[in-house]
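Report on the structure given below.
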Amino acid sequence: MQNLQYKVTFVAKYNSVLIKQLIMTDKPFAVIFDMDGVIIDSNPLITKAWKEFFRMYDIDLTDEQLNHYVFGRISTDTLNLVFNKPISTDEMLGYQKQIEGLVRSRYREDGLIVPGFKNFVELLIAHQIPVAIATSSPAESVAIVLDMAGATSYFTVITDSSQVQHSKPHPQIYLKTAAKLGIPPVDCCVFEDSFSGIQSAKNAGMKVIGISTTHTQEELSGLADAVIPDFTHIGIDLISELLAK
Numbered sequence: 001m002q003n004l005q006y007k008v009t010f011v012a013k014y015n016s017v018l019i020k021q022l023i024m025t026d027k028p029f030a031v032i033f034d035m036d037g038v039i040i041d042s043n044p045l046i047t048k049a050w051k052e053f054f055r056m057y058d059i060d061l062t063d064e065q066l067n068h069y070v071f072g073r074i075s076t077d078t079l080n081l082v083f084n085k086p087i088s089t090d091e092m093l094g095y096q097k098q099i100e101g102l103v104r105s106r107y108r109e110d111g112l113i114v115p116g117f118k119n120f121v122e123l124l125i126a127h128q129i130p131v132a133i134a135t136s137s138p139a140e141s142v143a144i145v146l147d148m149a150g151a152t153s154y155f156t157v158i159t160d161s162s163q164v165q166h167s168k169p170h171p172q173i174y175l176k177t178a179a180k181l182g183i184p185p186v187d188c189c190v191f192e193d194s195f196s197g198i199q200s201a202k203n204a205g206m207k208v209i210g211i212s213t214t215h216t217q218e219e220l221s222g223l224a225d226a227v228i229p230d231f232t233h234i235g236i237d238l239i240s241e242l243l244a245k
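At position 193 of the sequence shown the residue is numbered 193 (my numbering), and the sequence of numbers has no breaks.
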C-alpha cells in the first residue's frame, strides 16, 4: 500500500453534513470491524434467537445470562457452557445448525444495518486503508449481513467463527486478522460493541472505538478509546489520532 507518508485534506458528505477533515499519518494502518452490533444492530435479534433455541430444550435464561454466555463467544463455547455436559460432534453440529438458522431468520426479518456503515467503509477504501471483519459468527451469517449492507465486495479479509479456537476476550481472532492484513496489531483500529470484544482487541494491542448499540456510551467509555453511536459522522481523523497516541 502506498500511503506510508501523506497529508490529505478532503471534504466528505454524510447525511447532508459537510465534514472537513485533515488526515496525517506516517505509516499504514488498518480498520477491523466486528459484525454483530457493529455492522448490523443485531444483538436484540440474537438474544431472541438464542432464547427460542434454549426453550426448545427447556432452558430459560435471562437477558443478563445470555449477555454473559452468548456475546463475543463462538457458538461451541456458548453451548458447552449452558448445557454443561459432554456434547458429541454430531450433536454440536445439529445445535449449531438450529441456532444459526434462527439467527439468520431474524437478520432477514428485522435486521437493521448500523447507519453510515457503507459510506464509512467506502471512505476508507477510497483512501487505500485496508479493512477487515473479525466476528464470532459463521461465514454464512457474514455473507447475509454484507449483502444487506451492500458491502459484499468491500471485504476480502474476513475471520469468522470457523477460523478460531478461542472466544473473545482471547485476542486470537484479532491477531489472526491483523496477520492476514499484514499490518502490526498496534497499527490496527477496531470497531466493537461488546465488553468481551473490546477486551479481545485490547488484549491484541489494538485501539478500539466502541459502538453504543448493545451498551450505553457510559458503559463503554471506560473500556474503549472512543465511543460513537454509529458511523454517520465519523472520519478517518479520529482513527489517526487514536493510533498516534
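We treat Cβ as the ideally placed atom computed from N, Cα and C, and that holds for glycine.
- C-alpha of N84 to C-alpha of Y95: approximately 14 Å in a straight line.
- Excluding the 5 residues flanking it on each side, L124 has same chain C-beta neighbours closer than 6 Å at V31, V131, in chain order.
- The DSSP-derived three-state label of A204 is coil.
- For a cut-off of 8 Å, the C-beta gap from I158 to V142 is around 6 Å, short enough to register as a contact.
- Between C189 and K207 a beta carbon distance of about 5 Å is seen, short of the 8 Å cut, so the two are scored as contacting.
- In the structure shown, V227 adopts extended strand secondary structure according to DSSP, grouped into three states.
- Under the three-state reduction of DSSP, I32 is assigned to strand.
- The C-beta distance from Y69 to T78 rounds to 5 Å, short enough to meet the 8 Å contact threshold.
- Distance between G197 and D230, taken at the CA atoms: about 17 Å.
- The DSSP assignment places complete beta strand (DSSP E) segments of no fewer than 3 residues inside the region 120-175 at 131-134, in order along the chain.
- Here K168 is buried: its Cβ has 16 or more other Cβ atoms, across all protein chains shown, within 10 Å.
- Here F191 is bridged, per DSSP, to F33, I209.
- Annotation: I239 to A224 spans about 13 Å, alpha carbon to alpha carbon.
- DSSP, read as helix, strand or coil, puts I236 in helix.
- According to the DSSP secondary-structure assignment, I113 is paired through a beta bridge with I40.
- The beta carbons of V38 and D193 sit about 5 Å from each other, so the pair counts as a contact at 8 Å.
- For F83, the enclosing alpha helix (DSSP H) has its first and last residue at 75-83.
- Rounded to whole angstroms, the gap between the alpha carbons of P171 and T177 is 10 Å.
- At a Cβ-Cβ threshold of 7 Å, T214 and N43 count as neighbours.
- Minimum Cα-Cα distance from H233 among the listed residues Y107, P115, D110 corresponds to P115.
- Apart from the 5 residues on each side of it in sequence, G72 sits with its Cβ closer than 8 Å to the Cβ of S136, S167, K168, P169, S194, F195, S196, G197, S200 in its chain, given in chain order.
- Per DSSP, reduced to three states, the secondary structure at K118 is helical.
- Taking D36 as reference, the option from G182, A139, Q65 with the minimal CA-CA separation is A139.
- Annotation for M92: T76, L79 place their beta carbon closer than 7 Å to its own, counting only its chain and skipping 5 residues before and after.
- Counted as a single uninterrupted DSSP element, the alpha helix (DSSP H) harbouring L220 occupies residues 217-221.
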